[in-house]
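Heads up: take any position in the sequence shown, counting from 1, add 34, and you land on the numbering used here.
Every residue gets a Cβ at the ideal spot worked out from N, C-alpha and C, and that includes glycine.
Contents: one structure, followed by commentary.
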Amino acid sequence: NYRFKSYIQEFYEVTLLNTQKSCEQKLEEVNHMADKWEKTVSIQNYKLAHAVCLLEEVSHIVC
């Protein structure tokens with residue numbers, strides 16, 4: 035659980051707060067990450083699925 039929180043925090047800082055990237059680039063990276071995570075998530079793995087949802091919500095706030 036902590037590992038995913040720190041990964042999301044790093045992604046947020048490196049990608050979403052990066053002023054060099056356009057909103058389109060940020061959304062592409064978020065969607066890519068979400069797709070990657072969703073492929074590995076089982077129905078029973080609620081915490082990871084929740085993390086993906088949070089990541090998508092954060093991307094909408096930043097843009």
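Across the structure, residue 93 and residue 60 are spaced so that their CA atoms are roughly 7 Å apart.
Look at residue 55 here: in three-state DSSP terms it is coil, with no helix or strand label. Just measuring C-alpha positions, the residue of 54, 53, 90 sitting nearest residue 71 is 90. By the 16-neighbour rule on beta-carbons within 10 angstroms, residue 48 is exposed.
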